[in-house]
Amino acid sequence: MAKPQTENKGVAGSSLSHDASKAARKSKPAVQTHSFASILNEAAERRPIRPKSLIMTIFGDSIVPLGGVVWLGSIVSMTGLFGLSEPLVRTSALRLTYDGWLKREQVGKRSFYSMNEEFAVADTAYQSRIYASSAELRMNGWTILKLFKEKIDRKTAFRLRQELERNGFGQLAPHVFIHPSIGETAARHISTAGGRSAVGPIFFADSASIDPQTLRHLADTAWDLTPIRESYNEFTDAFCRLPDLLAREVPNMEQSFALRTLMMHYFRRAALRDPRLPASALDDDWPGERAYELMGEVYPKLLPGSEAYLEQTLETLPGQVVSKDVRLYRRFGSV
C-alpha cells in the first residue's frame, strides 16, 4: 500500500530546499566527510533532472520487475525524493502517454500507468543494453541499417538519426548506420518506432572479420565517442565514493532507492549510447568498463533497501498480485 502523500523534501528526504542546500554547501568546512545525502545532492546538481526521463528510468529499473503497473500517487512519492512537485509529475506522466511511451488506465478516480505495449515488447532488449556486460552484448553481432531517404520525409529522417545515435549506432556512410552489439529486436524496434513502416533493409552478421587497425579506423570514422566518454566519467566522478561508504554504513530505504535510481539515471544515458565496440577499437583508458564495474559493485548492495522501499510505496492495480522478476538479482553480473 502506498504511503500518504507528504511534502517533497528533495533528494532522499533532505529537509534542505535547493537554495538552502546551496547555502549550506558554501558554509561547509574545507575537509568534508561524505555521506549518502551529500553524494545524492551533489550528483543531482551536476545536471538538471528532467521529469519525463526520470520517470522512465524508474519504470525500467524498478516498476517493470514488479509487474509494470503503478498508481500515479506512487510515482509522485518516488519522484518526490528528488524534489519534483506533484503537478509537474502528473503533467509529465500525461505527456509520456501522449508521446507513446506510457499508457494510462483509469480505475475510479485513480490513474494507473504502464509501458506502452510497443515499447514493452522491445524493453527486454533495451534493458540488456544497460545491465549486460560488453562481452555479452558483443555476442549479438553486427547490424547495418540502410536508410532509403525517399521513403521518409526530412523531419522523420532527422528524428530517426537522433534515435539511432542515442542507441549507439555509428554512421558509416551517408544513410548507412552500423552497430556492433545492439541485436535484432532493438534494431527493428528503432527502425519502425512510432508506427512508421520499415525505412530500409537491416543486415545482421554473427561476426565480422576485421583486423585491429581497420577496426580502429572504422570506430574513428563512424562514431564520436567523446560525449560517451564524458558521460561515463561524470557518472564515475559522482558515485566513486559509494563503495567505501557502503563498506562502513547502510543507507536507509529512501536513500537506497534514491541512490539506485540516480545511478541508473546517469549510467543508462551513457550505456545506451555506447556501441560497446571491441576493446581493440578503444583507448586503453576507456571509462566504460570501470563505470560498469562500479555499478556491479554498488547496485546489489542497494537492492535490499530499495526493494523494501518499493514494497512500502508502490501500489498497483486492485487485486493484482505482484510477482517479482528474478532477473532483477542478476543485473550487472550479480548472482
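Heads up: the sequence shown runs through residues 46 to 380, numbered per the working numbering.
The beta carbon of each residue, even a glycine, is placed where N, CA and C say it ideally should be.
Closest by CA to D251, which one among C285, F214, E279, W187?
-> Counting from 1 along the sequence shown, the entry for residue 251 is found at position 206. Of the candidates C285, F214, E279, W187, the residue whose Cα lies closest to the Cα of D251 is W187.
Just the C-alpha distance for E342 and L139, rounded to the nearest angstrom, thanks.
-> By 1-based counting over the sequence shown, the position of residue 342 is 297. By 1-based counting over the sequence shown, the position of residue 139 is 94. Approximately 36 angstroms between the Cα atoms of the pair.
For L133 and P96, believed in contact at Cβ under 8 angstroms, the rounded distance | Here the question's residue 96 lines up with position 51 in the sequence shown. Here the question's residue 133 lines up with position 88 in the sequence shown. Contact holds; Cβ gap of about 6 angstroms.
H224 by DSSP, collapsed to three states: which one?
-> Within the sequence shown, the letter at position 179 stands for residue 224. Reduced to three states, the DSSP call for H224 is strand.
Straight-line Cα distance separating E360 from S119 = On the sequence shown, residue 119 is found 74 positions in, with the first residue counted as 1. On the sequence shown, residue 360 is found 315 positions in, with the first residue counted as 1. Straight through space, the alpha carbons of E360 and S119 are spaced by roughly 6 angstroms.
Compare the Cα-Cα distances from T136 to each of I100, Y311, D106, K369 and report the closest residue.
-> Mapped onto the sequence shown, residue 136 falls at position 91. Looking at the Cα atoms, I100 is the closest of the given residues.
If you draw a straight line from the C-alpha of S368 to the C-alpha of K200, how long is it?
-> Taking the first residue of the sequence shown as 1, we reach residue 368 at position 323. Taking the first residue of the sequence shown as 1, we reach residue 200 at position 155. Here the alpha carbon of S368 sits roughly 42 angstroms from the alpha carbon of K200.
When the distance is taken between beta carbons, is I273 closer than 8 angstroms to A324?
-> The residue labelled residue 324 in the question sits at position 279 within the sequence shown. The residue labelled residue 273 in the question sits at position 228 within the sequence shown. For A324 and I273, no; Cβs fall outside 8 angstroms.
Excluding sequence positions up to five away, which residues of its chain have a Cβ less than 6 angstroms from the Cβ of D265?
-> Along the sequence shown, one-based indexing puts residue 265 at 220. Closer than 6 angstroms at Cβ, skipping near neighbours: no residue.
Looking at the structure shown, is M308 part of a helix, part of a strand, or coil, going by DSSP?
-> Numbered from 1 along the sequence shown, position 263 holds the residue referred to as residue 308. Correct three-state label for M308: helix.
Let me know the secondary structure DSSP gives F127 once reduced to three states.
-> For the purposes of this step, residue 127 is identified with residue 82 of the sequence shown, where counting begins at 1. In this structure, F127 counts as coil in the three-state DSSP scheme.
From H4 to R293, what distance separates their C-alpha atoms?
-> Examination of residue 4 is not possible in this model, given that the chain is present from 46 through 380 alone.
Are there 16 or more other CB atoms within 10 angstroms of the CB of S179, so buried, or fewer, so exposed?
-> Here residue 179 is taken as the residue at index 134 of the sequence shown, counted from 1. Per the 10 Å Cβ criterion, buried.
Quick check: the stretch 284-303 against the stretch 345-355, are there 3 or more CB pairs under 8 angstroms?
-> Between the stretch 284-303 and the stretch 345-355, the count of C-beta pairs closer than 8 angstroms reaches three or more; the two stretches touch.
Rank L141, N185, L182 by C-alpha distance to the C-alpha of F164 and give the top, closest one.
-> By one-based count along the sequence shown, residue 164 stands at place 119. Of the residues L141, N185, L182, the one whose Cα lies closest to the Cα of F164 is L141.
Return the chain-ordered list of same chain residues with a C-beta closer than 6 angstroms to the C-beta of L362, the five sequence neighbours on each side being excluded.
-> Counting from one through the sequence shown, the residue named residue 362 turns up at place 317. So the qualifying residues of the chain are V114, F157.
Environment of D330 [buried if 16+ CB atoms lie within 10 Å] | Taking the first residue of the sequence shown as position 1, residue 330 is located at position 285. Exposed, because fewer than 16 other Cβ atoms sit within 10 Å of the Cβ of D330.
Out of L260, F222, M309, R321, which has the shortest C-alpha to C-alpha gap to L209?
-> Start at 1 with the first residue of the sequence shown, and residue 209 comes out as number 164. Nearest C-alpha to L209 among L260, F222, M309, R321: F222.
Can you have a look at F104 and say buried or exposed, based on whether 16 or more other CB atoms are within 10 angstroms of its CB?
-> Translated into positions along the sequence shown, residue 104 becomes position 59. The residue in question, F104, is buried, as its Cβ has 16 or more Cβ neighbours within 10 Å.
How long is the line joining the alpha carbons of Y337 and D328, rounded to whole angstroms?
-> Within the sequence shown, numbered from 1, the residue matching residue 337 stands at position 292. Within the sequence shown, numbered from 1, the residue matching residue 328 stands at position 283. In this structure, the straight-line span from the alpha carbon of Y337 to that of D328 is close to 16 angstroms.
Rounded C-beta distance between L192 and V152? I'm assuming under 8 angstroms.
-> Translated into positions along the sequence shown, residue 192 becomes position 147. Translated into positions along the sequence shown, residue 152 becomes position 107. By a beta-carbon distance limit of 8 angstroms, L192 does not contact V152. Their separation comes to about 43 angstroms.
State the start and end residues of the unbroken beta strand (DSSP E) segment that holds M160.
-> Within the sequence shown, numbered from 1, the residue matching residue 160 stands at position 115. DSSP places M160 in the uninterrupted beta strand (DSSP E) bounded by 155-160.
Is T230 helix, strand or coil when you go by DSSP?
-> Mapped onto the sequence shown, residue 230 falls at position 185. Correct three-state label for T230: helix.
Look at the Cβ atom of I227, then the Cβ atom of G213, and state whether they are nearer than 8 angstroms.
-> As a first step, residue 227 is located in the sequence shown; it is residue number 182 there, counting from the start. As a first step, residue 213 is located in the sequence shown; it is residue number 168 there, counting from the start. In contact: I227 and G213 (Cβ atoms closer than 8 angstroms).
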